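Enquirer:
Residue numbers (my numbering), protein chains in the order written: chain A, 562 to 808; chain B, 50 to 506.
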């Protein structure tokens, strides 16, 4: 995957940062999209210094629906060769807080689902015309079955996964690979203050695993892989038992 | 839910919680200190972390490689800077590197040595962060010529207690510059550090190792090699009598020719050794072996910087050697003239107590540190590990006494025992340091376990 460009969406997040390092270490140029411009400038400088690749920060807000088509076109112009997308924008508000204030839930939905859907929609004809490219989106194991503690977030990730299934089908004949990563919890700012989570992965290890998996093509992938058997069991648990679990 | 939902507005999405309770340990594995901890991943989160919950005292922490309570803040709040680790700019013409505080010496070695640049001063482990290095004004095996890291800091950005960020150069605010170099993280939180890297001809050094029979021969060896860029001695701290101070002297300088790149895979110590595994006999045997292995006559060998500068980094978690009880490290520097008899007394006190220690490190320092609380000064520096035992308190009190009487000082990065009186005697610029803190942090937002123990508040 050398000499390609990766557009990192939500590039300030820890997993996105790690994935950008991984891509840069393989010689890819980077477009770093997000809201925190000083942070993206720092990340771009770091990638240029460590890996000698081109890295450009771009102002982007997943929740700004109307801006997505224009942003996609601008990115396409900046990267005339093979353009790959890594979607890491995401929010996970506390379930109770989001129940108490539905605007929080709506804002989360915009960042996790509607914004990315609008952007990917705008990218579909661009990628199809180039007959190349990868779309790697950071989903979550939380989307596999709604849990008591976290089903607003889980629902948004389930929606993203379902969207990606159809999106992949739409681009299947066009040489574009779409990968939905079912990520387990990673040791990032998002999970820092949460109680200890099982099979916690470090961002760098996660990024490396995603990079390797993405090289093999599209589909769905659990990262770390232990989440495939774990989620298979959780999905198959009878409702009566599942409902009694406190998680 | 039949709630009228407004269309989502663009703007900040809900932020995850910054703080969580955590029990932190220092490298010497002293009792875990409960505190609240934040681990910002960007400057914005770091700024938010300045308002610690409940007005708790704040302490920035890098890799947590200091041995005592300098990196602990029991009952307070600790800001971990490890994820603020971006390289921001580098100018090969001047060697000036601008980096965030969480960048480690391992990062510098990996990224800049292949380009012919090296950290101009480097502690004994590459896991240390730049922020921690500035906070302790760390030194390395080249201190006698190159000085400590503070001499190579051009400027830094410091996030102050009032939320403002100040760019501090030696000219813009000399007092704040000198208070922050070696300032134990008590003046604010470093957000960017401008460090001058040193050009080197290759990735390796030419190293001469030589067996040394006793302390006199050691001190003569340092004098004879005063012009060598690197010089360090490893002493068998259990040897007594005529063999007191025997050890191995290592002298090194840059090698014009390099070595082929061969990334070493570090080993990990997978478990705590039981406390009894390290005893007088096992350590004496190890020290004997180490001494015998060195050639009696100096031979020259080409050694990668990594292996020479960071020998213990090849074994991750080597602090587990000392078992769950942990260990202490004692490091002091003694002025040359009074130093020799004091060194002898220190070694005798340690050997007589049967306080098993692996190799002790002896080094001649040549330059005064630039910070108000910098450790380094011209003289002999002695460092050794002492496993935690019931008699530790009395032993450290004796070592402190000998050090004060010789006009020396104890390294705060290693310290867990120093008394406020001992500190005041060793660090005469402490009042100036406190005056700077009163100016930039009038409400005492920053504090640590060590600062409270030493009466610095």
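Think of the CB as a built atom: it goes at the ideal place given N, C-alpha and C, for glycine as much as any other residue. These numbers were taken from a predicted model, which means no experiment stands behind them.
If you draw a straight line from the C-alpha of residue 471 of chain B to the C-alpha of residue 436 of chain B, how long is it?
Expert: One-based indexing of the second chain puts residue 471 of chain B at position 422. One-based indexing of the second chain puts residue 436 of chain B at position 387. Distance between the alpha carbons of residue 471 of chain B and residue 436 of chain B: 22 Å.
Enquirer: Suppose contacts are defined by Cβ-Cβ distances below 9 Å. Is residue 490 of chain B in contact with residue 209 of chain B by that definition?
Expert: Here the question's residue 490 of chain B lines up with position 441 in the second chain. Here the question's residue 209 of chain B lines up with position 160 in the second chain. Yes, the pair counts as a contact, with Cβ atoms nearer than the cut-off.
Enquirer: Of the residues that make up the region 152-168 of chain B, which ones have a beta carbon closer than 8 Å to any beta carbon in chain A?
Expert: Correct list: 160.
Enquirer: Using C-beta distances below 8 Å, list every residue in its chain close to residue 61 of chain B, excluding the 5 sequence neighbours before and after it, in chain order.
Expert: In the second chain, counting from the first residue as 1, residue 61 of chain B sits at position 12. Residue placement at residue 61 of chain B is flagged as unreliable, the pLDDT there being 44, under the threshold of 50; the coordinate-derived value follows with that caveat. For residue 61 of chain B, where only same-chain residues beyond five positions count, there are no Cβ hits under 8 Å.
Enquirer: Starting from residue 718 of chain A, follow the beta strand (DSSP E) in both directions and report where the run begins and ends.
Expert: Residue 718 of chain A sits at position 157 when you count from the first residue of the first chain. Residue 718 of chain A -> not in any beta strand (DSSP E); alpha helix (DSSP H) instead, spanning 712-732.
Enquirer: Listed in chain order, which residues of the region 592-611 of chain A have Cβ atoms closer than 7 Å to some Cβ of chain B?
Expert: Cβ contacts with chain B come from 597, 599, 600, 603, 604, 606, 607, 610, 611.
Enquirer: Does the Cβ-Cβ distance between residue 91 of chain B and residue 597 of chain A come in under 9 Å?
Expert: As a working mapping, residue 91 of chain B is identified with position 42 in the second chain. As a working mapping, residue 597 of chain A is identified with position 36 in the first chain. Yes, the Cβ-Cβ distance between residue 91 of chain B and residue 597 of chain A is below 9 Å.
Enquirer: Counting only Cβ pairs nearer than 8 Å, list the residues of chain A close to residue 83 of chain B.
Expert: Counting from 1 along the second chain, the entry for residue 83 of chain B is found at position 34. Chain A residues near residue 83 of chain B: none, gap ~16 Å exceeds 8 Å.
Enquirer: Output yes if chain A places a C-beta closer than 9 Å to the C-beta of residue 50 of chain B; else output no.
Expert: As a position in the second chain, residue 50 of chain B is number 1, starting the count at 1. Unreliable positioning characterises residue 50 of chain B in this predicted model, as indicated by a pLDDT of 39, which lies under 50. The coordinate reading is nonetheless provided below. Chain A, which has a Cβ nearer than 9 Å to the Cβ of residue 50 of chain B, makes this yes.
Enquirer: Could you name the residues of chain A that residue 309 of chain B contacts, counting a contact when the two beta carbons are closer than 7 Å?
Expert: Residue mapping note: residue 309 of chain B aligns to position 260 of the second chain, counting from 1. Those do not exist, as residue 309 of chain B stays about 21 Å from chain A at its closest Cβ, beyond 7 Å.
Enquirer: Within the region 575-611 of chain A, note down every full alpha helix (DSSP H) run reaching 4 residues or more, in order along the chain.
Expert: Whole alpha helix (DSSP H) segments, 4+ residues: 575-586.
Enquirer: Compare the C-alpha of residue 499 of chain B against each of B:232, B:262, B:394 and name the closest.
Expert: Residue 499 of chain B sits at position 450 when you count from the first residue of the second chain. With distances taken between Cα atoms, residue 499 of chain B lies closest to B:232.
Enquirer: Taking the C-alpha atoms as reference points, what is the distance between residue 796 of chain A and residue 746 of chain A?
Expert: Counting from one through the first chain, the residue named residue 796 of chain A turns up at place 235. Counting from one through the first chain, the residue named residue 746 of chain A turns up at place 185. Approximately 17 Å between the Cα atoms of the pair.
Enquirer: Looking at chain A, is there any beta carbon in it that lies within less than 9 Å of the beta carbon of residue 334 of chain B?
Expert: Within the second chain, the letter at position 285 stands for residue 334 of chain B. No, no contact with chain A.
Enquirer: Write down the C-beta distance between residue 274 of chain B and residue 297 of chain B rounded to the nearest angstrom, noting that I regard them as a contact closer than 8 Å.
Expert: Residue mapping note: residue 274 of chain B aligns to position 225 of the second chain, counting from 1. Residue mapping note: residue 297 of chain B aligns to position 248 of the second chain, counting from 1. About 13 Å; that fails the 8 Å criterion.
Enquirer: What's the C-alpha gap between residue 260 of chain B and residue 111 of chain B?
Expert: Residue 260 of chain B sits at position 211 when you count from the first residue of the second chain. Residue 111 of chain B sits at position 62 when you count from the first residue of the second chain. Going from the Cα of residue 260 of chain B to the Cα of residue 111 of chain B covers about 36 Å.
Enquirer: First and last residue of the alpha helix (DSSP H) that includes residue 270 of chain B?
Expert: Numbered from its first residue, the second chain carries residue 270 of chain B at position 221. From DSSP, the alpha helix (DSSP H) with residue 270 of chain B extends over 264-273.
Enquirer: At least one CB of chain B closer than 9 Å to the CB of residue 617 of chain A: is that the case?
Expert: As a working mapping, residue 617 of chain A is identified with position 56 in the first chain. So no, residue 617 of chain A is outside the interface.
Enquirer: Taking C-beta to C-beta, are residue 127 of chain B and residue 73 of chain B nearer than 9 Å?
Expert: For the purposes of this step, residue 127 of chain B is identified with residue 78 of the second chain, where counting begins at 1. For the purposes of this step, residue 73 of chain B is identified with residue 24 of the second chain, where counting begins at 1. Contact: yes.
Enquirer: So, for residue 353 of chain B: in the same chain, excluding its five sequence neighbours on each side, which residues have a beta-carbon less than 7 Å away from its beta-carbon?
Expert: For the purposes of this step, residue 353 of chain B is taken as the residue at position 304 of the second chain. 252, 253, 308.
Enquirer: What in chain A is Cβ-close to residue 92 of chain B, meaning under 7 Å?
Expert: By one-based count along the second chain, residue 92 of chain B stands at place 43. The contacting residues are 599, 600.
Enquirer: Which residues in the same chain as residue 56 of chain B place their Cβ atom closer than 6 Å to its Cβ, once the five residues preceding and following it in sequence are excluded?
Expert: In the second chain, counting from the first residue as 1, residue 56 of chain B sits at position 7. Residue placement at residue 56 of chain B is flagged as unreliable, the pLDDT there being 46, under the threshold of 50; a coordinate-derived value is accordingly withheld.
Enquirer: With a threshold of 8 Å, are at least 3 pairs of Cβ atoms found where one atom belongs to the region 116-127 of chain B and the other to the region 77-95 of chain B?
Expert: Cβ pair count under 8 Å is three or more, so yes.
Enquirer: Rounded to whole angstroms, what is the Cα-Cα separation between residue 637 of chain A and residue 777 of chain A?
Expert: Locating residue 637 of chain A in the first chain gives position 76, counting from the first residue. Locating residue 777 of chain A in the first chain gives position 216, counting from the first residue. Those two C-alpha atoms are separated by around 24 Å.
Enquirer: If we cut at 9 Å on Cβ distances, does residue 767 of chain A have a partner in chain B?
Expert: Within the first chain, residue 767 of chain A is the residue found at index 206, counting from 1. So, not an interface residue.
Enquirer: Would you call the region 141-154 of chain B in contact with the region 411-428 of chain B, where contact means no fewer than 3 C-beta pairs closer than 8 Å?
Expert: No contact exists between the region 141-154 of chain B and the region 411-428 of chain B.
Enquirer: Between which residues of its own chain and residue 105 of chain B is the CB-CB distance below 6 Å, once the five residues before and five after are set aside?
Expert: Along the second chain, read from residue 1 onward, the residue named residue 105 of chain B stands at position 56. Around residue 105 of chain B: 125, 126.
Enquirer: Per DSSP, what kind of secondary structure is residue 120 of chain B in: helix, strand or coil?
Expert: Here residue 120 of chain B corresponds to residue number 71 of the second chain, with the count starting at 1. Note: residue 120 of chain B maps to coil in three-state DSSP.
Enquirer: Got a sec? Which residues, its chain only, sit under 6 Å from residue 697 of chain A by beta carbon, not counting five neighbours each side?
Expert: Locating residue 697 of chain A in the first chain gives position 136, where the first residue counts as 1. Around residue 697 of chain A: 647, 740, 775.
Enquirer: Out of curiosity, what's the CA-to-CA distance linking residue 583 of chain A and residue 611 of chain A?
Expert: Numbered from 1 along the first chain, position 22 holds the residue referred to as residue 583 of chain A. Numbered from 1 along the first chain, position 50 holds the residue referred to as residue 611 of chain A. Each residue's Cα considered, the two are about 11 Å apart.
Enquirer: Please compile the residues from chain A whose C-beta is within a distance smaller than 7 Å of the C-beta of residue 139 of chain B.
Expert: Position 90 of the second chain, counted from the start, is the residue given in the question as residue 139 of chain B. 610, listed in chain order.
Enquirer: Any beta carbon from chain C within less than 9 Å of residue 761 of chain A's own beta carbon?
Expert: Of the protein chains in the structure, A and B, none is chain C.
Enquirer: Please report whether the beta-carbon of residue 356 of chain B lies at a distance below 9 Å from any beta-carbon of chain A.
Expert: Locating residue 356 of chain B in the second chain gives position 307, where the first residue counts as 1. False, the Cβ-Cβ gap to chain A never drops below 9 Å.
Enquirer: Note down the Cα distance separating residue 654 of chain A from residue 682 of chain A, rounded to an integer number of angstroms.
Expert: Walking along the first chain from the start, residue 654 of chain A turns up at place 93. Walking along the first chain from the start, residue 682 of chain A turns up at place 121. Between residue 654 of chain A and residue 682 of chain A, the C-alpha separation is close to 26 Å.
Enquirer: How big is the Cα-Cα spacing for residue 199 of chain B and residue 206 of chain B?
Expert: Looking up residue 199 of chain B in the second chain gives position 150. Looking up residue 206 of chain B in the second chain gives position 157. So the two alpha carbons sit approximately 14 Å from each other.
Enquirer: So residue 589 of chain A contacts chain B; which residues on that side make the cut at Cβ distance below 8 Å?
Expert: As a working note, residue 589 of chain A is residue 28 in the first chain. Residues of chain B passing the Cβ test: none, with the nearest at roughly 18 Å.
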